[in-house]
Amino acid sequence: MSGFEVAGVVLGAFPIAITALDKYREVATRLGLFFKIHLEYKKWRDDLEFYQLVLTRHLRQLLLPLIADNDKIEELLSAPGSKSWKDDSMASLLEKRLRDSYQLYFEYIKGIDRVMKDVNRELAVDLDSVQQRLNSPKASSSTAKPKSITSKEKLVFQLYRLKFSNNDAVRKRLFGELQDYNDKLEKLLDSSDKDTRLVQQRTAVGQLASIDAAICNFWVQARNLFNALAAAWSCRCQHHGARLLLQHRTSKKPDFQVMFTAFTSSRWEIHKTRISQGDDMVAATMNENITLLENISLSVSHPGHRQNRPVKSAFRNKHSNNTASATCVELLKAPPSVTLTSVQTTAQISLSQQISNLCASLRLPEGSCCGYLTEDDCRYYVYTISRQSADQLPSVSLDQILRGEVYPPPTRTQRYALSLIMASSFVQLLDSPWLPATSFKKTEVHFLSDAKDANLFLLDQPHINRDFQLDGGSPSEQVFNNAPFTDALDHLGIMLLELCFGRILEDQACRKRWPAGGNGKEKAVFDIMAARDWQCQVNEEAGPDYAEAVGWCLGGNRSTPSERWRQEMLRKVIQPLQRCRDYLTSGELLI
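Everything in the sequence shown is counted per our numbering, starting at 122 for the first residue and increasing by one.
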């Protein structure tokens, strides 16, 4: 008998004892003796009900993390000793949960079983004469007369009454043992759960630290990808652009969503892609799978002439509707319409092929792997998602949104979500060619139109655009700048302020009190001074977390070592902004 089965038997012993007491009360009432054992009866019954409830709740706590169906748990607890308690899989789950406490835990359960047997022995449940009387049907009040009780039966119950009335010390000892075993069960379960939580917390902390480290070094991957893309154009096109989706990342995996644009024959060609960084081990595994598929194809078909045909991709993305809710707004001036180009969905596998001409590779069908780009001993695999053609590229900038040129304006929840994305992207991309220190401006953050309605824009998908001029110059040199990171943080702080209030700094009274500035440098200084005045209103508007994030950007970072600013920004800016976002989204508020 497994420990779990014993637990069911123990739980079932309490109703037996309580039923026995109730039968004694019935018989004692018929004999006119109940008043003599009323106090002892109540003590026994109260103690039995109490410890039954304690054990039931304890077993429920034991089962809750293991069984998702609440009805199943209630079924187990309401039918102790049933077949469900003999389930070997449940015993295995309990052993995994209790780990090294498992054996001792069920030794205590067996101890409770022994005590309950003693309890039932004290209640004379196994006495034949008592069992006979207990199993007899309850007589009605009209037939239950003292003369129907024989003298011998009266003597038996008189002896039982004497024993029952004089065993208070035994009762206290037995229920004291039950209390001791229950306390030990609670301590074992609590210590086991606490140990599990600590292990999980340490693992989670380690994972978060690993993710934080990856995010702080993400700019290196972003730089490498940009350089790899810049070297992959061997076409005769004069221009190619790349729009990188800005995201708040919560994983270590370097994953990019990039939209490539090219202007040909008076129309824009738009290619949406997903780019994932992989290593040689991943590539070797993929190649092994491809080889296996090729061998299967050769053995079934015509090896003489199909050997070089591409195999159907095992990694092809299935077409499905995007279930994530997209936030859309309408531009006050309607942009040009967009025409979708029908693309074949037959996928091809090029996992083992290095991309030499990205322009040609992007013409592969949707769901294809175009191959990989290489930079600094890293491989970046490019997967096509969709392709479309348009007369123009309709988009709206963050500056236009904050100036009220879209309708409806973004809600507070949407603005705070954008604040988190902007700050997180700053940590990820600053100092890479995607985001030079002087370039993170609200005029350069764009939101693309919805593919189904060109008049609507997706506010939860900000992009930043970079062009590749194919004239021999180095794109990374064209856009990279070594300005101090503190200047960039000041600009970010102003952006966070504007997203907090939904208004631009230029329109605020605090900015109008300062001169406009004779040049760009002077204007930036006066903007910072005005922003620090405006900053005083953030706490009342958005709370202390948002105020902490803005304050760190607008001067609070000055004592931070230059080599540690990303780590500090995660703690001082990203985490507070994430809490602000979560406060609203968890309650599904649209304020």
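Note that the Cβ used here is the ideal one computed from N, Cα and C, for glycine as well.
This structure is a prediction, so every number in the text was calculated from the model and none was measured.
- Under the three-state reduction of DSSP output, ILE396 falls in the strand class.
- DSSP places GLU195 in the uninterrupted alpha helix (DSSP H) bounded by 191-199.
- At least 7 Å separates the beta-carbon of VAL659 from that of ALA651.
- Looking at the backbone, the Cα of PHE606 and that of ASP552 are separated by about 9 Å.
- For the segment 489-540, the continuous alpha helix (DSSP H) assignments of 4+ residues that do not extend past its boundaries occur at 519-523, in sequence order.
- For PHE561, there is no enclosing beta strand (DSSP E), since its DSSP letter is neither H nor E.
- Here GLU643 is exposed: its Cβ has fewer than 16 other Cβ atoms, across all protein chains shown, within 10 Å.
- The way I'd put it, the segment 530-539 does touch the segment 574-589; three or more beta-carbon pairs between them come closer than 8 Å.
- Within the segment 592-672, the runs of alpha helix (DSSP H) at least 4 residues long that lie entirely inside it are, in chain order, 596-600, 606-622, 630-633, 641-655, 659-663, 665-672.
- Secondary-structure assignment with DSSP links VAL379 through a beta bridge to LEU365, THR394.
- Contact between VAL566 and ILE336 does not hold, since their C-beta atoms are separated by about 19 Å, which reaches or exceeds 8 Å.
- In chain order, THR681 place their CB closer than 6 Å to the CB of GLU689, counting only its own chain and leaving out the 5 sequence neighbours on each side.
- Taking 7 Å as the cut-off, the beta carbon of LEU519 is found no closer than this to the beta carbon of ALA343.
- With contacts defined by Cβ atoms closer than 7 Å, TYR502 and TYR493 form a contacting pair.
- Taking the CA atoms as reference points, LYS163 sits about 38 Å from LYS315.
- Annotation for SER312: the continuous alpha helix (DSSP H) segment containing it runs 289-337.
- When C-alpha distances from PRO529 are compared across ASN576, GLY488, PRO486, the shortest belongs to ASN576.
- Under a 10 Å Cβ-count criterion, HIS612 is classified as buried, with 16 or more other Cβ atoms of the shown protein chains found around its own Cβ.
- Under the DSSP assignment, ASP571 falls in the beta strand (DSSP E) whose first and last residues are 566-571.
- Taking SER546 as the centre and dropping the five residues before and after it, the same chain places the C-beta of LEU367 closer than 6 Å to its C-beta, in chain order.
- With a 10 Å radius around the Cβ and a threshold of 16 neighbouring Cβ atoms, ALA189 comes out exposed.
- Beyond the five residues adjoining it in sequence on each side, VAL694 comes within less than 7 Å, by CB distance, of ALA544, ALA670, TRP673, CYS674 in the same chain, given in chain order.
- No Cβ-Cβ contact shorter than 7 Å links ILE396 with THR382.
- Straight-line spacing of the CA atoms in LEU556 and GLU661 works out to 32 Å.
- One alpha carbon belongs to PHE384, the other to ASP648, and they sit about 37 Å apart.
- Annotation: ASP167 to TYR229 spans about 22 Å, alpha carbon to alpha carbon.
- Rounded to the nearest angstrom, the Cβ distance from LEU350 to HIS584 is 15 Å, too far for a contact under 8 Å.
- In the DSSP annotation of this structure, the continuous segment of the alpha helix (DSSP H) that includes ASP234 starts and ends at 223-243.
- Between ALA353 and VAL379, the CB-CB gap reaches or exceeds 7 Å.
- Residue range 209-219 is occupied by the alpha helix (DSSP H) that includes SER213.
- In this structure, CYS491 places its C-beta atom within 7 Å of the C-beta atom of ILE476.
- In this structure, the straight-line span from the alpha carbon of ARG146 to that of ILE137 is close to 14 Å.
- For TRP686, the uninterrupted alpha helix (DSSP H) segment begins and ends at 686-690.
- Taken through DSSP and simplified to helix, strand or coil, ASP703 comes out as helix.
- Listed as beta-bridge partners of ASN678 by DSSP are no residues whatsoever.
- Taking the CA atoms as reference points, ASN191 sits about 10 Å from LEU197.
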